[in-house]
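Under UniProt numbering, think of the first position of the sequence shown as 1, with each following residue one higher. See below for the structure under consideration.
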Amino acid sequence: MTSRIADVLIPLALDTAYSYAVPDGLSLEEGDVVQVPLATREVAGVVWSLREGQGANFKKVTGVLEGPNLSSEMRRFIDWVSWYTLSPKGSALAMSLKFPDPDRTEVVRVGVRLTVDRPRRMTPARQKVIEAAQDGIVRLKSELAHAAGVSNSVIDGLIDEGVIETLALLQEPVAGLPNPDFGDTELSDGQREAAGEIVGAMRGEHPPVILLEGVTGSGKTEVYFEAVAEAVRQGRQALILMPEIALTAQFLDRFAARFGVKPATWHSGVTGRKRERLYAAIASGEVKVVAGARSALFLPYADLALIIVDEEHETAYKQDDGVHYHARDMAVVRGKIENAMVVLASATPSIESRVNVERGRYRHVKLPERFGGRSMPRIRAIDLRRETIPKGRWLSPTLVTSVEETVGRGEQALLFLNRRGYAPLTLCRACAHRYECPNCSAWLVEHRFRRALVCHHCGHVERTPQACVECGSLDSLVPCGPGVERIAEEVAELFPDKRSIVLSSDFPGGTERLRAELAAIAAGEVDIVIGTQLVAKGHNFPLMTLVGVLDADIGLTSGDPRAAERTFQMLQQVTGRAGRGEKPGRALVQTWQPDHPVIAALVSGDAERFYEEETRVREMAGLPPFGRLASLIISAEEREAAEVHARAMAMVTEPPPGVMVLGPAEAPLALIRGRYRYRLLVKTEREVDLQGYLRSWLARCPKARGNIRVTVDVDPQSFL
Numbered sequence: 001m002t003s004r005i006a007d008v009l010i011p012l013a014l015d016t017a018y019s020y021a022v023p024d025g026l027s028l029e030e031g032d033v034v035q036v037p038l039a040t041r042e043v044a045g046v047v048w049s050l051r052e053g054q055g056a057n058f059k060k061v062t063g064v065l066e067g068p069n070l071s072s073e074m075r076r077f078i079d080w081v082s083w084y085t086l087s088p089k090g091s092a093l094a095m096s097l098k099f100p101d102p103d104r105t106e107v108v109r110v111g112v113r114l115t116v117d118r119p120r121r122m123t124p125a126r127q128k129v130i131e132a133a134q135d136g137i138v139r140l141k142s143e144l145a146h147a148a149g150v151s152n153s154v155i156d157g158l159i160d161e162g163v164i165e166t167l168a169l170l171q172e173p174v175a176g177l178p179n180p181d182f183g184d185t186e187l188s189d190g191q192r193e194a195a196g197e198i199v200g201a202m203r204g205e206h207p208p209v210i211l212l213e214g215v216t217g218s219g220k221t222e223v224y225f226e227a228v229a230e231a232v233r234q235g236r237q238a239l240i241l242m243p244e245i246a247l248t249a250q251f252l253d254r255f256a257a258r259f260g261v262k263p264a265t266w267h268s269g270v271t272g273r274k275r276e277r278l279y280a281a282i283a284s285g286e287v288k289v290v291a292g293a294r295s296a297l298f299l300p301y302a303d304l305a306l307i308i309v310d311e312e313h314e315t316a317y318k319q320d321d322g323v324h325y326h327a328r329d330m331a332v333v334r335g336k337i338e339n340a341m342v343v344l345a346s347a348t349p350s351i352e353s354r355v356n357v358e359r360g361r362y363r364h365v366k367l368p369e370r371f372g373g374r375s376m377p378r379i380r381a382i383d384l385r386r387e388t389i390p391k392g393r394w395l396s397p398t399l400v401t402s403v404e405e406t407v408g409r410g411e412q413a414l415l416f417l418n419r420r421g422y423a424p425l426t427l428c429r430a431c432a433h434r435y436e437c438p439n440c441s442a443w444l445v446e447h448r449f450r451r452a453l454v455c456h457h458c459g460h461v462e463r464t465p466q467a468c469v470e471c472g473s474l475d476s477l478v479p480c481g482p483g484v485e486r487i488a489e490e491v492a493e494l495f496p497d498k499r500s501i502v503l504s505s506d507f508p509g510g511t512e513r514l515r516a517e518l519a520a521i522a523a524g525e526v527d528i529v530i531g532t533q534l535v536a537k538g539h540n541f542p543l544m545t546l547v548g549v550l551d552a553d554i555g556l557t558s559g560d561p562r563a564a565e566r567t568f569q570m571l572q573q574v575t576g577r578a579g580r581g582e583k584p585g586r587a588l589v590q591t592w593q594p595d596h597p598v599i600a601a602l603v604s605g606d607a608e609r610f611y612e613e614e615t616r617v618r619e620m621a622g623l624p625p626f627g628r629l630a631s632l633i634i635s636a637e638e639r640e641a642a643e644v645h646a647r648a649m650a651m652v653t654e655p656p657p658g659v660m661v662l663g664p665a666e667a668p669l670a671l672i673r674g675r676y677r678y679r680l681l682v683k684t685e686r687e688v689d690l691q692g693y694l695r696s697w698l699a700r701c702p703k704a705r706g707n708i709r710v711t712v713d714v715d716p717q718s719f720l
């Protein structure tokens, strides 16, 4: 006797759907979220397919859970991500499935309002509250306290006496409805032409992928806002992916100025009941525009018309744990599955995207000039082989003079160093002991503001010692090299009467503090900004006319095949912070290699020359995008176990024509979080089925036992 069988995919590290019998009378559709028995417990899963079969001995689906149905397009996307990244399907599903917590009660928002009663004892603070509440408007308690300039305890006292009453407020909507005609956007001729081309392509039957390339300050955001407006006019949804969603207060304000409301935001800071409500509203189509981090790509949109990948070249789009995916590339795939337009926006596009334009896979829309006819900053290299910096200092005399002149005119200067902390290495001058992380093969970075030595890989922290732990010498520890904290110390000595600020991702205070500091810079409340790559992208500081780059050569010495490209992109982005207002800008780049192709292209302003040369080198070497790479990391708690397993895997590689397997060798960071790491690197020609080869190879490999782990990363972005 045949019965209905549901193949249910469970959001765990499982690669196959499990089959369950569907009880008579239970209505099920593919994509439904259901509850099923697994071993001794009940778990949630998604019906991946329904079929007829012999299921008399199968366990049965227990019930249907509350939650949005996953569309066939969403299930296809999850299958594709799993196939491409060689990750279990259940792990890919886990990124897109969010279950409501039945035990979490809805938090009721409480408002306060003035009554006709008056307090038995009047004080100046109470009088302020009564005056502020005279209009009868219902406010949050914190809002009334802020308006009156008193503490919450004053409001509490008035509530106890009946002078202030409390009322339950309606639940705030997760996001307002954007009005595509709200803002009066003034576009330049170039912006209008670019926006018209993108919007016109959106209206086609099969929207393409478009690379929107524009110099820093050209107004790419305003251009793709027109595409967002078109999606809203069509009653459909738009997703804007951003590499640093927690730092985008300026972007959210610009969106609100254009559409009347802020977009819904999705990132790790959105938690609890709000996250559940937002997930449901996106699935129902109530939310029209989402601005999010890479994880927002896996939400179940009801009708997705547009995906924007802002700063598409950013490495932050690559996830390096769990499912190893690149959000830019997966956005292109999801756009194709959903028949949605994909716009990749950047001032410094990745070579992969530019080559896709040349091959006709993407369309190219360019903004070659800054908005309002503003000029690009003049860039000059400071040759450190010729200009002597005083001992114990890191700013060259030329840069110091330029900063002094700039802030003297009431303008702002940015000093950029892509190195957090005070110093990257601490050693003892008596015995030469170097402070190293006990869990990683990396030096501990001194953070003087925190009085701590920190590992930037595993997060290990230890108190900065007064005496050397090796020889016991007092006051013998010496910082080697500069970090932004050390530069801040030098700036304070050189410019004691100027207002300076340090911006770094590891400073305390979180997102809110960072947003406040960025707003203060934009308002001109700071003279000198010292920052890491946090300040290199997306920010608009109208008074900033000088950018000084320290240690511009940092990224050029790594073994990463993308090192030159990434260094060029970062330097181009950070120097582009200068001169975005009414006054022209300039940039000074301190370097030991002024003749290096990256520095030469930056100074000359000839980005095309750099891209052509770098593309030629990649093609000759058969590196992406002209070839393909996959990295396999074999790790274990014992070095010998990791090495033995890596060598056993290498013995059964059997590479076919067009495939080369390199290694095993110790990874550049051989120890991370107490695990020893060996690496095998697979390099193939472009046409080779890389995933097919990897699967056949892994099937021949010995099974990983004990604490041995094998991690596969297709298209790796990090080579550490």
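Backbone N, C-alpha and C fix where the C-beta goes; we use that ideal spot for every residue, glycine too.
Endpoints, the alpha helix (DSSP H) within which residue i is located
i, result
"residue 737", "In this structure the chain extends from 1 to 720, so residue 737 is not present and cannot be described."
"residue 266", "First-last for residue 266: 264 to 266, but that is the beta strand (DSSP E), not the alpha helix (DSSP H)."
"residue 146", "141 to 148"
"residue 695", "690 to 700"
Endpoints, the beta strand (DSSP E) within which residue i is located
i, result
"residue 583", "Taken as a continuous stretch (DSSP letters only), residue 583 belongs to no beta strand (DSSP E), as it is neither H nor E."
"residue 620", "Per DSSP, residue 620 belongs to no beta strand (DSSP E); it is in the alpha helix (DSSP H), 607 to 621."
"residue 711", "709 to 714"
"residue 252", "That residue, residue 252, is in no beta strand (DSSP E); its alpha helix (DSSP H) goes 249 to 259."
"residue 380", "378 to 383"
"residue 446", "445 to 447"
"residue 343", "341 to 346"
For residue j and residue i, the rounded distance between their alpha carbons
i, j, result
"residue 34", "residue 23", "12 Å"
"residue 216", "residue 250", "16 Å"
"residue 303", "residue 234", "10 Å"
"residue 77", "residue 333", "8 Å"
"residue 70", "residue 282", "12 Å"
"residue 713", "residue 202", "33 Å"
"residue 590", "residue 479", "21 Å"
"residue 212", "residue 243", "16 Å"
"residue 550", "residue 543", "21 Å"
"residue 649", "residue 563", "29 Å"
"residue 371", "residue 218", "5 Å"
"residue 491", "residue 581", "24 Å"
"residue 481", "residue 424", "6 Å"
"residue 86", "residue 368", "40 Å"
"residue 473", "residue 429", "9 Å"
"residue 186", "residue 516", "27 Å"
"residue 680", "residue 342", "34 Å"
"residue 147", "residue 592", "55 Å"
"residue 497", "residue 116", "53 Å"
"residue 95", "residue 514", "28 Å"
DSSP bridge partner residues for residue i (one or two, in chain order)
i, result
"residue 544", "412"
"residue 20", "6"
"residue 117", "DSSP, once it has assigned bridges, lists no residue as partnering residue 117."
"residue 479", "426"
"residue 49", "7"
"residue 629", "683"
"residue 37", "42"
"residue 660", "683"
"residue 718", "BP columns for residue 718 are empty, so no partner."
"residue 673", "Paired residues: none, contrary to the question."
"residue 214", "367"
"residue 138", "DSSP lists no partner for residue 138."
* To do: Could I get the ranges of all uninterrupted alpha helix (DSSP H) runs contained in the region 152 to 196, with 4 residues as the minimum, in chain order?
  => As far as the region 152 to 196 is concerned, its whole alpha helix (DSSP H) runs of at least 4 residues are 152 to 160.
* Does the region 522 to 534 touch the region 409 to 422, meaning 3 or more C-beta pairs lie closer than 8 Å? -> In short, these stretches touch, since the Cβ pair count reaches three.
* Is the region 571 to 589 in contact with the region 612 to 629, if contact means three or more CB pairs nearer than 8 Å? -> no
* **Completely contained alpha helix (DSSP H) runs for the region 61 to 112, where each covers 4 or more residues** => 72 to 85, 89 to 94
* Do the region 394 to 405 and the region 452 to 470 meet, that is, are 3 or more Cβ pairs less than 8 Å apart? -> Verdict: no, contact absent.
* 3 or more residues per run - each beta strand (DSSP E) lying fully within the region 284 to 319 -> 289 to 292, 304 to 310
* To do: Assess, as a yes-or-no matter, whether the region 653 to 667 is touched by the region 684 to 694 under the definition of 3 or more beta carbon pairs within less than 8 Å.
  => Yes, they touch.
* **At least three beta-carbon pairs within less than 8 Å, the region 293 to 312 to the region 337 to 351** => The answer is yes - the region 337 to 351 touches the region 293 to 312, with three or more Cβ pairs under 8 Å.
* Answer yes if the region 630 to 649 comes into contact with the region 670 to 677, meaning at least three C-beta pairs across the two stretches below 8 Å, and no otherwise. => yes
* **the region 386 to 397 in contact with the region 440 to 451 per 3-pair CB rule at 8 Å** => no
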